[in-house]
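Okay, structure first, notes after.
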Amino acid sequence: MYGYIGKVLLVNLTDKSYVIEDLPEEWAKQYLGGVTLGARYLYRLMKPHTPAFAPESVLGMVCGVTGGSKSLMGARVYVVSKSPVNDLWNDSSCGGSFAPHLRASGFDAIFITGKSEKPCYLFIDDGKVEFRDATHLWGKVTSWVDDTLHEELGKDISVFQIGPGGEHLSWMAAIINDKHRAAGRGGSGGVMGSKNLKAVVCRGTHKIDIFDNSEIMAANKKCIAYGNPGERGEHVMHQFRTTGTSEEYGVCVLAADAPLKNWAGAPDDMPEQYAWNLSGPDMDAKHKVGQIGCFNCHIRCGAVYKVDYKNYHLEHATRPEYESLGALGSMMLNGSSDATVICNHLCNEYGYDTISCGDTLAWLMECYDKGIFTKEELDGIDFKWGDPDAIIAMMEKLCACEGIGVPLQLASRGCARALGKGEECCVTANGIELPMHGGRFNPALIRTFQYDPTPGRHIKGGRGVPFSHNPDEVKYNYEGTGKDDVAGLLEWEWSGLSGVCSFGNFLLPPDAQQQMVYGVTGFKFTQEELDILALRSFTMRHAFNLREGYRRKDFVIDGRAYGNPPMEKGPLKGITVDNEKLGDNFYGELGWDLETAEFPKEFCDRVGGLDYIYPDFFPDQI
Ligand code: SF4
């Protein structure tokens, strides 16, 4: 089988056993890899209603289809599990170097269940599976663990690990690779911690059989040329190579696209200079000392930063992404790049998702401002809007998991519920904190935030961020949105299927990802087949949640996110997005039940590859 190792590793940490399965060839073609292949396995391996932190819960790490090939930007690994935040489907992807090392170690995917009695790590060394003691690694930050394991095992490994955040079972814990790349969202790091699993370490010499390397090379050549002077990708590729995703931060804050003051503020709530302080050009001038990127990427959109601020003298911090800048910056009216870089660094070191972490601190700041929490309850921290030292101090409490840092592990809604106050200030979709392009600025995003099987994501499909560039009469017209919404969904779902970094949606020529997948696997899909694949992927993730008993009414989004009540000032004044109409249009276009979001059997028959869910959904029709 071209493009695959053809082996999947199933691990049980309770009795330290494992099984190696052959990857069915039919599954490779139907589900390709990444999230979709992960959804197929998780549905089979995980019984319904298993809590995310139960030993029987399953955590999957699945290589994207292009992983292990020479495809540029094609080294994504996809983590699948339940989210501890809402006990629903969760997926999150990560760049770095783990995906090619996973394949080199001899597997396309690993699924982990059970719970180790003591902290352990999994070492997969060229097909050999070892359970190793991780007592000396437990409690340590990710850079220390990465360095230590490289010293112990050699340079040719890749470490996918949790930090102390995952050990503390935080609902916003990430899984970190290469010290700074994160599968961040939804708390899968907490799932890993609940299994006493500190790290998965891979190395090896296995190679996938490539169908046609010349196709991959031709696609790569086109991708590089796409950024040449006069080509369509020239501007955006230049931007990503210099300032990465941080370039647009200032513009987005001043337009009120990026949220301010826990989604309740307007740009004039802070000095304009604060927005520019955290924008790529200003930050780079002050902090940048190097360039970094994921395995085999010609863009290398990351940067190494140094920072000297009070007790922090960091030589190898990294540039916060746009999302991290919004969450740790404007959400708290913070204009200090020093504090933002330090908090971003702490998230990498302690293994937290920067979006949920920043949003949670912003929620707490609003609660403090409103007197819901006192200074004593916050361990003496005067947690005022925009105070960089207070933000760092609260971040340190979270990382140390002490005082207020203990309930904060549960993120905003979990913390509010645990302490019995402050839930009215939460802004989440099904409990998951929202990313940094606002739904009142771009109403199309509200449908994605609310109704995607992984709620509150900016890299799930729909009409997406570019739709916000339309004039208001187009943006805020809620009639007939379903067709475009579903088309956008399919485009982004395909990007997740291809195994290529989702920035490839605008940094690569339109057909490059398909050509890469063809070169790797030999699978040549028509546009109609691609759409079906993408639709299948979305339906599989959705089916996982339906099997849990969730229906449309259970997918809730907090009012402030869509303007209920509307803002009373600023560029978003008076806007309330008709989120239910957007949902009706979306489900209507799919032909699903508007009230329950259930799909009919005819739909599943047409999409194919879904027979495995029939016993649960259509027991009388098979
Ligand atoms: S564009 Fe950035 S995130 Fe994407 S693969 Fe390249 S370095 Fe990684």
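The sequence shown begins at 26 in our numbering and counts up by one.
Beta carbons: idealized from backbone N, C-alpha and C, even for Gly.
Item: Heavy atom of the ligand SF4 within 7 Å of Phe185 beta-carbon; Value: no
Item: Host alpha helix (DSSP H) of Trp114 (start-end); Value: Segment Trp114 to Cys119 is the beta strand (DSSP E) holding Trp114; no alpha helix (DSSP H) there.
Item: Ile324 Cβ short of 7 Å to the ligand SF4 heavy atom set; Value: yes
Item: Between the CA atoms of Gly507 and Gly653 - distance to the nearest angstrom; Value: For residue 653 there is no data in the structure shown, the boundaries of the chain being 26 and 647.
Item: Run of the alpha helix (DSSP H) containing His175, from where it starts to where it stops; Value: Thr167 to Leu178
Item: Other residues of its chain near Arg128: CB distance less than 7 Å, five sequence neighbours each side excluded; Value: Ile30, Cys88, Gly92, Gly93, His231 and Ile233
Item: Nearest candidate by alpha-carbon position, reference Val154, set Asp384, Val542, Gly275 and Ser130; Value: Ser130
Item: Burial state of His462, where buried means 16 or more other Cβ atoms lie within 10 Å; Value: buried
Item: Whole runs of the beta strand (DSSP E) within the segment 520 to 583, excluding any shorter than 3 residues; Value: none
Item: Burial state of Glu259 (16 or more Cβ within 10 Å); Value: exposed
Item: Minimum length 3: unbroken beta strand (DSSP E) runs contained in the segment 196 to 279; Value: 200 to 202, 206 to 208 and 222 to 228
Item: Leu532: CB within 7 Å of a non-hydrogen atom of the ligand MG; Value: Summarising the ligand content, the structure contains the ligand SF4 and does not contain the ligand MG.
Item: Rounded separation between Phe492 and Tyr501 - CA only; Value: 11 Å
Item: Continuous alpha helix (DSSP H) assignments of at least 4 residues falling wholly in the segment 375 to 446; Value: 379 to 394, 413 to 425 and 436 to 444
Item: Phe320 (DSSP reduced to helix, strand or coil); Value: coil
Item: Given Arg157 as reference, the closest of Arg257, Gly489, Leu533 and Leu174 once Cα atoms are compared; Value: Leu174
Item: Spatially closest choice to Ala7 from Asp641, Asp579 and Cys451, by CA coordinates; Value: As shown, the chain starts at 26 and ends at 647. That puts residue 7 outside it, with no answer to give.
Item: Three-way DSSP call (helix, strand, coil) for Met356 in this model; Value: helix
Item: Limits of the unbroken beta strand (DSSP E) element including Asn502; Value: No beta strand (DSSP E) holds Asn502; DSSP gives it neither H nor E.
Item: Segment limits, beta strand (DSSP E) that includes Arg69; Value: Counting along the chain, Arg69 falls outside any beta strand (DSSP E), though it belongs to the alpha helix (DSSP H) covering Gly59 to Leu70.
Item: Rounded straight-line distance, which links the Cα of Val545 to that of Ala291; Value: 48 Å
Item: Alpha-carbon spacing of Ala280 relative to Glu605, whole angstroms; Value: 25 Å
Item: Reduced DSSP secondary structure (H/G/I, E/B, other) of Gly305; Value: helix
Item: Of the residues Val83, Ser183 and Ala79, the one placed nearest Thr138, counting alpha carbons only; Value: Val83
Item: Inter-stretch contact (C-beta, 8 Å, three-pair minimum) for the segment 433 to 449 and the segment 481 to 500; Value: no
Item: Contact check, Ile380 vs Arg576, beta carbons under 8 Å; Value: no
Item: Same chain only: Cβ atoms within 6 Å of Pro534, ignoring 5 sequence neighbours per side; Value: Lys247 and Tyr251
Item: Close-in-space but distant-in-sequence residues of the same chain around Ala64 (CB under 6 Å, 5 per side omitted); Value: Met565 and Arg566
Item: Local conformation of Arg157 per DSSP, three classes; Value: strand
Item: Selection from Lys223, Lys485 and Asp172 that minimises the alpha carbon distance to Thr160; Value: Lys223
Item: Span of the beta strand (DSSP E), counted from its first residue to its last, around Gln186; Value: Ser183 to Gln186
Item: Test item: CB-CB of Leu97 and Asn253 under 8 Å; Value: no
Item: Euclidean distance between Cα positions of Tyr476 and Trp388; Value: 23 Å
Item: Spatial distance of Tyr347 from Leu178 (CA atoms); Value: 35 Å
Item: Inter-residue spacing [alpha-carbon to alpha-carbon] between Ile638 and Ala134; Value: 21 Å
Item: Cβ-heavy atom distance, Phe528 to the ligand SF4, below 7 Å; Value: yes
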